[in-house]
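Residue numbers (the working numbering): 18 to 380.
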Amino acid sequence: MQSISPETIFRGNDAWEKSLTQIANLTKSPLILGRSVHTNKIRNKIFTDLKNRELNVNFANLQFDCCYEDISKVKEIILKNNHDAVIAAGGGKVLDSGKYVAEILNIPCITVPLSAATCAGWTALSNIYTKKGQFIKDVALRSCPKVLVFDHKFIQTAPSRTLASGIADALAKWYESSITSSTIDDGLVQQAIQISRVLRDQLLINGGEAFKDEFKTTSCWKNTIEACGLTAGLVGGIGGEKCRTAAAHAFHNAITQIITPNKFLHGEIVGVGLLLQLRLEEMKNNNKLAGQSIKQLLVLLKELNLPTTILELGINVFENQNLERIADFSCRDKSEIHFLPFEIHKKDIMEVITNFEQQKIKI
Ligand SMILES: [Zn+2]
Numbered sequence: 018m019q020s021i022s023p024e025t026i027f028r029g030n031d032a033w034e035k036s037l038t039q040i041a042n043l044t045k046s047p048l049i050l051g052r053s054v055h056t057n058k059i060r061n062k063i064f065t066d067l068k069n070r071e072l073n074v075n076f077a078n079l080q081f082d083c084c085y086e087d088i089s090k091v092k093e094i095i096l097k098n099n100h101d102a103v104i105a106a107g108g109g110k111v112l113d114s115g116k117y118v119a120e121i122l123n124i125p126c127i128t129v130p131l132s133a134a135t136c137a138g139w140t141a142l143s144n145i146y147t148k149k150g151q152f153i154k155d156v157a158l159r160s161c162p163k164v165l166v167f168d169h170k171f172i173q174t175a176p177s178r179t180l181a182s183g184i185a186d187a188l189a190k191w192y193e194s195s196i197t198s199s200t201i202d203d204g205l206v207q208q209a210i211q212i213s214r215v216l217r218d219q220l221l222i223n224g225g226e227a228f229k230d231e232f233k234t235t236s237c238w239k240n241t242i243e244a245c246g247l248t249a250g251l252v253g254g255i256g257g258e259k260c261r262t263a264a265a266h267a268f269h270n271a272i273t274q275i276i277t278p279n280k281f282l283h284g285e286i287v288g289v290g291l292l293l294q295l296r297l298e299e300m301k302n303n304n305k306l307a308g309q310s311i312k313q314l315l316v317l318l319k320e321l322n323l324p325t326t327i328l329e330l331g332i333n334v335f336e337n338q339n340l341e342r343i344a345d346f347s348c349r350d351k352s353e354i355h356f357l358p359f360e361i362h363k364k365d366i367m368e369v370i371t372n373f374e375q376q377k378i379k380i
């Protein structure tokens, strides 16, 4: 079974207002789930608009992350108050938690992404972390959200940093899916890979300009946020599991194991993971094109003010056995790194990371 997309998608400047009738038909008592205080104003608007439709609405905020502790607290609140739907309004962690809890309680989930940082508003997938933000596993859900509300005026309020992060995460789709899945003889998978290539091209063309668009109104900005928040999700939906992740996400998952004082966004870490994956392809699979892709991507990542080394993510790999820990986690049995079409051992990863972190990157 494959769930390709949310049942209904509202997009554009008035997406939220347009979705109200359908939401009111779907639920009489939704729980609005969020996390950051910076987006409270939007959740208050969501609350008021639903109250005006005579719905019995309640709020809950994640305390930590998309972690089992928060998920079970949210589950208790829903059961205690007899809520019949979850409206997850926030970033990727909020969306993933909302989808997960709705699935275990068998109630519909409505996703309202408040940034373009991930495609979590679309996908039938939740990434589970510890309270401290260390990746544990991803869980495939039975279905994509019931309704996705991709309201541009909400996303306009998000910091530019979230858009940069979304661009890096969406770019990874092509580099990960094309290397892991190009030999799969399944038309849908091949077409998903083609979409991810078009998505990459669009981000290479528009990403920098969209990031600098102060007023966030140009078609370049709109195309870019939809590429990150919608098309990237569509690629995962059509392509299925093997189209989603490979080494870039395996490195992300491993890097999150090291706890740092400053938290980085998912795509910011994936961007570094993507460069590492390409270096791995170059050094261990003699792929000359990978070296060129690194140069091409570095130009964009720098333009987007994104980190390009693990050190820039606040981690010195040459201290505290960090290198060993990252290599262990990224090479563990269950790791997506083993979807690569060549064998990878822990020593390869240690060599590639050492080389990568030591090299003065020139563009
Ligand atoms: Zn991702």
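Just so it is clear, CB atoms sit at the ideal spot from N, CA and C, and this is done for glycine as well.
Please read these numbers as outputs of a predicted model, since none were measured by experiment.
In DSSP terms, what residue i is bridged to
i	result
SER347	BP columns for SER347 are empty, so no partner.
VAL91	Its beta-bridge partners do not exist; DSSP assigns none.
CYS83	CYS83 pairs with nothing; no bridge assigned.
PHE359	DSSP, once it has assigned bridges, lists no residue as partnering PHE359.
LEU165	ILE26, THR128
Alpha-carbon to alpha-carbon, residue j and residue i
i	j	result
LYS364	THR234	48 Å
PHE232	ARG70	32 Å
LEU313	GLU320	For clarity, residue 313 is Gln in the given sequence; the question names Leu instead. One C-alpha to the other measures close to 11 Å.
ASN61	ASN73	14 Å
GLU93	GLY115	13 Å
ASN75	ASN57	13 Å
VAL206	SER198	7 Å
ALA187	ASP230	19 Å
THR44	ILE121	17 Å
ILE380	MET18	Confidence at ILE380 is low in this model, with a pLDDT of 42, below 50, so its placement is unreliable and no value can be given for it.
ILE145	TYR117	9 Å
ALA249	ASP82	22 Å
ILE354	GLU193	10 Å
Residue i, buried or exposed, once every other Cβ within 10 Å from all chains shown has been counted against 16
i	result
LEU96	exposed
HIS169	buried
LYS280	exposed
SER22	buried
ALA137	buried
VAL316	exposed
LYS148	exposed
ASP350	exposed
ASP202	exposed
HIS55	exposed
ILE378	At ILE378 the pLDDT is 47, less than 50, meaning the model places this residue with poor confidence and gives no usable figure here.
GLY29	exposed
GLU226	exposed
Taking only runs that begin and end inside the stretch 252-319, name each unbroken alpha helix (DSSP H) of 4 or more residues, in chain order.
264-272, 283-301
What are the start and end residues of each continuous beta strand (DSSP E) run of 3 or more residues lying completely inside the stretch 37-78, in chain order?
47-51, 75-78
Are the stretch 89-104 and the stretch 28-46 in contact at 8 Å, needing three or more beta carbon pairs?
yes
Should the stretch 285-303 be regarded as contacting the stretch 178-185, the criterion being three or more beta carbon pairs within less than 8 Å?
yes
For the stretch 244-256 against the stretch 270-277, are there 3 or more C-beta pairs whose distance is under 8 Å?
no
Between the stretch 297-310 and the stretch 162-177, are three or more C-beta pairs nearer than 8 Å?
no
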